[in-house]
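Numbered as in full-length UniProt numbering, the sequence shown ends at 150 without a single skipped number.
Backbone N, C-alpha and C fix where the C-beta goes; we use that ideal spot for every residue, glycine too.
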Amino acid sequence: MLETFVLLILALVTVIAAVCVYYYHQLSYWSRRGIPGPKGELFWGNLKSLIGREKVNVFQLRDWSTEFPRFFGIKKGFYNNLVISDPDLAHEVFVKKFDHFHGHELHPMEEDPDQDPKMVLLILARGLRWKRLRTISNPIFSLGNLKKVR
């Protein structure tokens, strides 16, 4: 009986340690690729900083963009996000290499826009639908227009 209890405790400790190692490995996703970014917390990543009461998430992203001027990586729970602040780099991603970046995170409070034919919005579309809408709106993302936004 005691051996079974010890084995159960040992198995539980092993599982908890494995989960912590896995999350720590996931937390270092951007640093392993040489991409700078704010330090996150285990399990949460940078999510607490983004949804905290101290700052609105837009202001937090602005502050990080000042700290990391061209681009930076953040961890939002399970998701890795690359934030680009440099217009030339944004042009590279949005225009020249957009074939490789046709997916993006869906807002958790929104319904699936691919199921609703009325939702023909570029920012809500995903996958091949996004790629088609992006091809149509490609001239909007010219380098001159992106620099105007800055």
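Compute the minimum distance between the beta carbon of Y23 and the heavy atoms of the ligand MN, and state whether it is under 6 Å.
Among the components of this structure there are no ligands whatsoever, and the ligand MN is therefore not found.
Can you tell me whether H25 is buried or exposed, with buried defined as 16 or more other CB within 10 angstroms of its CB? exposed
task: Could you tell me the boundaries of the beta strand (DSSP E) in which N81 lies?
output: Y79 to I84
* Asked: Is it a yes or a no for the stretch 27-46 touching the stretch 57-69, going by three-plus beta-carbon pairs under 8 Å?
  -> yes
Can you tell me where the alpha helix (DSSP H) holding F5 begins and where it ends? L2 to L27
(message) Once the 5 residues before and after L133 are set aside, which same chain residues still bring their CB inside 6 Å of it?
(response) L122 and A125
Candidates K48, R53 and G77: closest to Y23 by CA position
G77
8 Å contact criterion, which N46 and G40 should meet: CB distance rounded: 5 Å
**Prompt:** Using a Cβ-Cβ cut-off of 7 Å (strictly less than) and excluding sequence neighbours within five positions of L27, which residues of its own chain qualify?
**Reply:** G40, L42, G45 and K75
If you drop the 5 nearest sequence neighbours on each side, which residues of the same chain put their C-beta closer than 8 Å to that of K55? S49 and D63
**Request:** Indicate the three-state DSSP secondary structure (helix, strand or coil) for I74 in the structure shown.
**Result:** strand
- Message: Please classify F72 as buried or exposed, where buried requires at least 16 neighbouring CB atoms within 10 angstroms.
- Response: buried
- prompt: What is the rounded straight-line gap between the Cα of F59 and the Cα of A11?
  reply: 44 Å
**Asked** So what's E54 in DSSP terms, helix, strand or just coil?
**Response** coil
Once DSSP output is grouped into helix, strand and coil, what is the label at G144?
helix
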